[in-house]
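Residue numbers (my numbering): -3 to 184.
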């Protein structure tokens, strides 16, 4: 297992500046993630966070984004949340953004859940399941990985160990890609 972790870390560190799907494949396999075809755009979403602030995927351009769909009643979702929180706390300054999307629950339920688990990353409310439908969510937890340039990298349905060496290698590889410079604004 340590050899696998070291190998994956080596692939992550030595990866190309803009990793393509073929070079990411060895990083996706240990996590049993499903790779997107090259050029696949991530579905855009926007919604209100638990704090009633608007958040959209477009707001996160230039960051590596992990979008995790969850519900308080989902037994498999619960163990992932503290791991995602840890990633949020440790890697946000490097450009990782964790976004939880609650699937069809009310604000009070989500607030209790977030408080019980000590979650500080943004939680977007999806009371009608519209964002989940846009992403094709058919089971929980469902997690989507988005590169800095907005391209869809991979997804998983079911629990994954996002704190494992393979997950960290994938995240570090994506974080090593250059952040795109913001588009210049023109003054009128």
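Don't be surprised by glycine CBs; every beta carbon is placed ideally from N, CA and C. Given the structure is predicted, the values throughout are model-derived calculations rather than measurements.
- Okay, do the region 70 to 78 and the region 42 to 53 touch, 3+ Cβ pairs below 8 Å being the bar? no
- Query: Would residue 152 count as contacting chain B if we go by Cβ distances under 8 Å?
  - Reply: The structure shown contains no chain B; it is built from a single protein chain.
- Message: Helix, strand or coil for residue 94? Go by DSSP, reduced to three states.
- Response: To locate residue 94, count along the chain shown from 1; it is residue 98. Residue state, collapsed to three classes: strand.
- Spell out the partners DSSP gives residue 36 in its beta bridges. One-based indexing of the chain shown puts residue 36 at position 40. Beta-bridge pairing links residue 36 to no other residue.
- Message: Whole angstroms are fine: how far does the CA of residue 123 sit from the CA of residue 101?
- Response: Position 105 of the chain shown, counted from the first residue, corresponds to residue 101. Position 127 of the chain shown, counted from the first residue, corresponds to residue 123. Looking at the two C-alpha atoms, the distance is approximately 5 Å.
- Task: Name, in chain order, the residues that DSSP records as bridge partners for residue 116.
- Result: The sequence position of residue 116 within the chain shown is 120, counting from 1. Paired residues: none, contrary to the question.
- Determine the direct distance from the alpha carbon of residue 68 to that of residue 109, and round the result to whole angstroms. Taking the chain shown and counting its residues from 1, the one referred to as residue 109 is at position 113. Taking the chain shown and counting its residues from 1, the one referred to as residue 68 is at position 72. In a straight line, the C-alpha of residue 109 is about 6 Å away from that of residue 68.
- Item | Burial state of residue 106, where buried means 16 or more other Cβ atoms lie within 10 Å | Locating residue 106 in the chain shown gives position 110, where the first residue counts as 1. Classification of residue 106: buried, given that the 10 Å Cβ count is 16 or more.
- Message: Please identify the residue among 20, 82, 70 and 50 whose C-alpha is closest to the C-alpha of residue 160.
- Response: Here residue 160 is taken as the residue at index 164 of the chain shown, counted from 1. Looking at the Cα atoms, 82 is the closest of the given residues.
- Pull up the DSSP beta-bridge partners for residue 133, would you. Walking along the chain shown from the start, residue 133 turns up at place 137. The partner list for residue 133 (beta bridge, DSSP) is empty, contrary to what the question assumes.
- Go ahead and label residue 128 buried or exposed: buried means 16 or more other beta carbons lie within 10 angstroms of its beta carbon, across all protein chains shown. Stepping through the chain shown from its first residue, residue 128 is reached at position 132. Buried, since its Cβ has 16 or more Cβ neighbours within 10 Å.
- C-alpha distance - residue 94 paired with residue 86, whole-angstrom precision: Taking the first residue of the chain shown as 1, we reach residue 94 at position 98. Taking the first residue of the chain shown as 1, we reach residue 86 at position 90. Spanning the two alpha carbons is a distance of roughly 11 Å.
- Specify the secondary structure class of residue 23 as computed by DSSP and reduced to three states. Residue 23 sits at position 27 when you count from the first residue of the chain shown. Three-state result, residue 23: helix.
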